[in-house]
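Inspection log for the structure reproduced underneath, given as structure tokens.
In my numbering, the protein residues as written are 3 to 174.
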């Protein structure tokens with residue numbers, strides 16, 4: 003390597019350093035994928051924060067704290083599958099650690115944990131499918147007795163929409 007004012011190699015003026023500036027393509031792809039994964043993890047963490055905010059009324063009810071403004075929102079009862087899903091969001095921090103260390107065995111463990119979380123989503127889908135007759139008979143019923151509603155929407159349909167969004171996020 004030539005330095006300014008130092009000895010020069012014969013046949014060059016010192017401007018042919020571009021070959022040293024390139025990065026191998028597999029390293030470029032790895033860096034690109036790590037950046038994409040980091041963006042996805044942070045997006046999932048924002049969604050987890052929204053989920054925690056959604057669970058606040060249930061937490062307050064369990065602690066016997068009454069806040070009128072929150073009670074007026076009429077948030078429906080939270081399904082039990084949401085709590086493990088919130089706990090599993092801490093695996094996102096593990097994924098960031100595993101990506102930066104580039105250890106395949108740790109990434110495989112992370113994938114296994116995420117598959118468990120997807121299994122929780124499948125339980126939500128099964129619950130929604132089991133109550134499908136409720137969806138079909140709803141337009142024919144004048145009074146909504148025995149049907150769980152939230153802001154005049156069927157809770158089962160909202161759960162199914164939530165499932166579709168989570169599947170789309172996992173496919174991405």
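In this text, a Cβ means the ideal position worked out from N, Cα and C, and glycines have one as well. Since the model is a prediction, treat every value here as computed from it, not as a measurement.
Out of curiosity, what's the CA-to-CA distance linking residue i and residue j?
{"i": "residue 70", "j": "residue 100", "result": "44 Å"}
{"i": "residue 113", "j": "residue 55", "result": "26 Å"}
{"i": "residue 24", "j": "residue 154", "result": "59 Å"}
CB residue i to CB residue j, shorter than 9 Å?
{"i": "residue 59", "j": "residue 75", "result": "yes"}
{"i": "residue 43", "j": "residue 94", "result": "yes"}
{"i": "residue 40", "j": "residue 98", "result": "yes"}
{"i": "residue 103", "j": "residue 46", "result": "no"}
{"i": "residue 29", "j": "residue 57", "result": "no"}
{"i": "residue 72", "j": "residue 65", "result": "no"}
Using a Cβ-Cβ cutoff of less than 6 Å, which residues in the same chain neighbour residue i once the five nearest sequence positions on both sides are dropped?
{"i": "residue 107", "result": "none"}
So, at 8 Å on beta carbons, what are the nonlocal neighbours of residue i in its own chain, with the 5 sequence-adjacent residues on each side left out?
{"i": "residue 37", "result": "none"}
For residue i, which of helix, strand or coil comes out of DSSP?
{"i": "residue 156", "result": "strand"}
{"i": "residue 66", "result": "coil"}
{"i": "residue 50", "result": "helix"}
{"i": "residue 26", "result": "coil"}
{"i": "residue 74", "result": "coil"}
{"i": "residue 175", "result": "Absent from the model: residue 175. The displayed extent of the chain is 3 to 174, so no value can be given."}
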